[in-house]
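Residue numbers (our numbering), protein chains in the order written: chain A, 1 to 192; chain B, 1001 to 1192; chain C, 2001 to 2219; chain D, 3001 to 3219.
A virtual CB, placed ideally from N, CA and C, is assigned to each residue, including glycine.
Bear in mind the structure is a predicted one, so any value in this text is a computation, not a measurement.
First up is the structure itself, then whatever we jot down about it.
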Amino acid sequence: MQLRVRALESILLEKRYIEPAALDELIETYEKKIGPRNGARVVAKAWVDPAFRKWLLADGTAAIGSLGYGGRSGNHLVALENTPSVHNIVVCTLCSCYPWAVLGLPPLWYKSAPYRSRTVAEPRSVLHEFGVALPDDTEIRVWDSTAELRYLVIPMRPEGTDNWNEEQLAELVTRDSMIGTGVAKRPQELSK
Amino acid sequence: MQLRVRALESILLEKRYIEPAALDELIETYEKKIGPRNGARVVAKAWVDPAFRKWLLADGTAAIGSLGYGGRSGNHLVALENTPSVHNIVVCTLCSCYPWAVLGLPPLWYKSAPYRSRTVAEPRSVLHEFGVALPDDTEIRVWDSTAELRYLVIPMRPEGTDNWNEEQLAELVTRDSMIGTGVAKRPQELSK
Amino acid sequence: MNGAADMGGMHGFGPVEIEPNEPVFHADWEKKAFALNMAIGVANIWNLDAFRFARESLPPPQYLNTSYYGLWVVTLENMMLKYGIATTEELKAGHALAPVKKADEPVTAAKVANMVHCGSPYDRPAAAPPKFKAGDKVRARNVHPKTHTRLPRYARGHTGEVVRVVGCHVFPDSNAIGIGEDAHWLYTVRFDGRELWGQDSDPTVRVAIEAWEPYLESA
Amino acid sequence: MNGAADMGGMHGFGPVEIEPNEPVFHADWEKKAFALNMAIGVANIWNLDAFRFARESLPPPQYLNTSYYGLWVVTLENMMLKYGIATTEELKAGHALAPVKKADEPVTAAKVANMVHCGSPYDRPAAAPPKFKAGDKVRARNVHPKTHTRLPRYARGHTGEVVRVVGCHVFPDSNAIGIGEDAHWLYTVRFDGRELWGQDSDPTVRVAIEAWEPYLESA
């Protein structure tokens, strides 16, 4: 693959379809700048700010845009709220659609055949492999991203965080909890 | 694969699960003895003998058994008659079921993903690749061998063969015509 | 199961490739792969449905990238391991390792000849009359068992017509997983192509499958 | 199309494998494969739907045996050939061959930054009001186009409920094959898991998809 990619790069640069700096910009952006800390900030704000939470659930794109996140794979954002009786989990069975603007690029498993094939049919068994055990009667809502909507799960706020501020709370919000394959960390799980 | 098969063979022979002569018997039988000439004889007889034809269509296993063919992949045989308005074609989408007793082992294409995937959904396009062009209003009956029934297509008897005997007629019956991916040869197509 | 083997209606595999001359086998190892599988089948250690289930259980990337007899080889290895006929070490070593436990009754040429010429019928005595008759409208159930089934995905949920009551046959769904033959009535069910593939598809196509009674409901 | 990409509900792929540490990229060539595809996307020679269609059109054995970014590479090669950006000889040689025709306006860092931060919304003005509203019962049509569609096979023929009228969005089925955006109303449709996977499946599961109006009929 390395040689084939080098060939593609050489041809596209030599023919001036692309300037080299464009490639650096893209790699730098998605490797370093855009990642799940964006989404964590959104979630933390939703936890502390009822008006923002309401806006977020009514118009995800606008509410998240107000924090400066959007653009590529983030033009149509929908927030899904977990509750004691409903757990949301996101998948893209057809390819690998994922809310880059708030979570960065997806992990390998999200793009893998096991996750794509199984999540729509047996989400409990998938969740089990992620260590998430839900009560038997929790409704599991699977969202298959078949269009350009991108989903962000708002996990439940952990107990014992009543006086925490947004910045502290954001530390509890894992990437997986925003896909639905995890839950937010409890305060005692925070390292250091 | 060669090495892996050799390992399996050594182990099964050394542990005396199988005697070497059993392997020779199987290879000899299916490479040399059982093949589409069996089916051609059945078809030719059905063309000249109305009582046999009737029996064949009513109870394929018994009628074909009367000619000495049956056994493995031939315990439950069903004959399908092509007519000017109905064309039959046989496939096994799930694996490679095929009427060994009358046709021998299947060709590679019968077991291939293109044939298995397409024949149930677009038989005309598959037939086109085999050079078979049917009138637009011919009903195409596809038979997907999902159980232990095995199908033998009785192609239409070619024109200009009125005084031919069974042995001569059998020469016109190609293997593909008994699967439904071909038609019987016309007299002028016989070589020599 | 919804495995790679259940490929009826899939797109993208390309044209049917017809060999100019069609040898029965393409290499000596294919002959042996064929013969070993057929011969060990006579030993009745596992049944054909269990073998099919093991083959279709191979991961789809492997199933679709392995040649036809290659699948027989891989599946035979898996079955021999599963049924304790060989160990991983033996497969690696390429021969039996001590202590060699020999089978009591080897499969002989006479036994395979008998199997070839007599086969093994799948019809069984029926405990009850068939529920459906020719002409009945039936719907293939929408089921997605993870175990072996011979009800292809493309037919599930669709309505067809019984065209033949075949007989009472061994039920592969049970037989494949070692819980007995559990014979059920078997029917040939014919579907209009448009029912399966949509209103825009070829109106002259009819597709028949064999379906056991538990696959069907009245429609 | 019913290609290898449409894998919702398939069995046999094994457990979800989670990497202990999850690098964004696993090799330098992955970075480049990602960046080249994203950058050339900005040049608007083809659209994302056309790219997805080309990727899912790869033969299933190849699709399932190629790594994620490997699929991007193979698809980019195919698209460059198809759109006359490179020749087979150039791909083989690994560089442009004379006479080199240079693109008029290269994709610059500024352009990609704009793409990243602004994206490209898929909603379009609607020509007519939506046919369905939240709460409506709808059935996903049983269609099997050979061209691109975003209606997964597992949903086809099944009945669900509209839970959201999303907006009027570019129709991928048209956009992918170069016949225009042809925007249609888009709905979020929720299915009971048992409707999709059978009465024996987990009763607590609901599955939502986005479906364009042409995918749906009243139920």
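Residues of chain D with CB under 9 Å from residue i, in chain order?
i	result
residue 2057 of chain C	3011, 3012
residue 2185 of chain C	Within chain D, no residue comes near residue 2185 of chain C; the closest Cβ sits about 21 Å away, beyond 9 Å.
Should residue i be flagged as near chain D, meaning a C-beta pair shorter than 8 Å?
i	result
residue 1121 of chain B	yes
residue 2193 of chain C	no
residue 2002 of chain C	yes
residue 107 of chain A	yes
residue 2119 of chain C	no
residue 2046 of chain C	no
Taking only three categories from DSSP, how would you classify residue i?
i	result
residue 2118 of chain C	helix
residue 1190 of chain B	coil
residue 2022 of chain C	coil
residue 2108 of chain C	coil
residue 2070 of chain C	helix
residue 1011 of chain B	helix
residue 98 of chain A	coil
residue 3223 of chain D	Because chain D here runs from 3001 to 3219, residue 3223 of chain D falls outside it and cannot be looked at.
residue 125 of chain A	helix
residue 142 of chain A	strand
residue 134 of chain A	coil
residue 177 of chain A	helix
residue 1066 of chain B	coil
residue 3052 of chain D	helix
residue 2046 of chain C	coil
Could you tell me which chain B residues have their CB closer than 9 Å to the CB of residue i, listed as they occur along the chain?
i	result
residue 3144 of chain D	1121
residue 2077 of chain C	1004, 1007, 1008
Quick one, which of the options has its alpha-carbon nearest residue i's?
i	options	result
residue 2159 of chain C	C/2094, C/2051, C/2219, C/2018	C/2219
residue 132 of chain A	A/27, A/179, A/38	A/179
residue 59 of chain A	A/81, A/38, A/40, A/48	A/81
residue 3082 of chain D	D/3143, D/3178, D/3093	D/3178
residue 2059 of chain C	D/3199, D/3117, D/3007	D/3007
residue 90 of chain A	A/167, A/30, A/19, A/145	A/145
residue 135 of chain A	D/3045, D/3037, D/3036, D/3202	D/3202
residue 3118 of chain D	D/3036, D/3018, D/3016, D/3042	D/3042
Would you say residue i lies against chain B (beta-carbon separation less than 8 Å)?
i	result
residue 2007 of chain C	yes
residue 2052 of chain C	yes
residue 1982 of chain C	Residue coverage of chain C in this structure runs from 2001 to 2219, which leaves residue 1982 of chain C outside it and unanswerable.
residue 2032 of chain C	yes
residue 2090 of chain C	yes
Using a cut-off of 7 Å between C-beta atoms, extract the partners of residue i located in chain B.
i	result
residue 2132 of chain C	Simply none; closest approach about 15 Å.
residue 2099 of chain C	Going along chain B, no residue has its Cβ under 7 Å from residue 2099 of chain C, so there is no contact; the nearest lies around 11 Å.
What residues from chain D crowd round residue i, counting only those whose CB sits closer than 7 Å?
i	result
residue 1 of chain A	3029, 3070, 3073
residue 2064 of chain C	3060, 3061, 3064
Against chain C, does residue i count as a neighbour if the rule is that its beta carbon must be under 8 Å from one of theirs?
i	result
residue 1116 of chain B	yes
residue 3212 of chain D	no
residue 1132 of chain B	no
residue 1142 of chain B	yes
residue 3157 of chain D	yes
residue 1137 of chain B	yes
Using a Cβ-Cβ distance cut-off of 8 Å, determine whether residue i contacts chain A.
i	result
residue 3019 of chain D	yes
residue 3208 of chain D	yes
residue 3122 of chain D	yes
Buried or exposed for residue i, going by 16 or more other Cβ atoms inside 10 Å?
i	result
residue 1119 of chain B	buried
residue 104 of chain A	buried
residue 114 of chain A	buried
residue 3137 of chain D	exposed
residue 175 of chain A	buried
residue 111 of chain A	buried
residue 3075 of chain D	buried
residue 150 of chain A	buried
residue 3101 of chain D	exposed
residue 3149 of chain D	buried
residue 160 of chain A	exposed
residue 1033 of chain B	exposed
Determine the chain A residues that contact residue i at a beta-carbon separation under 7 Å, and present them in chain order.
i	result
residue 3150 of chain D	94, 146, 147
So with CB distances below 8 Å, who are the chain C contacts of residue i?
i	result
residue 1111 of chain B	2068
Since residue i meets chain C, which of its residues come closer than 7 Å, beta carbon to beta carbon?
i	result
residue 1014 of chain B	2095, 2096, 2100
At a cut-off of 7 Å, would you count residue i as near the ligand MN, judging by its Cβ distance to the nearest heavy atom?
i	result
residue 3055 of chain D	This structure does not include the ligand MN; it has no bound ligands of any sort.
Counting only Cβ pairs nearer than 9 Å, list the residues of chain C close to residue i.
i	result
residue 3198 of chain D	2141, 2142, 2143, 2144, 2145, 2156
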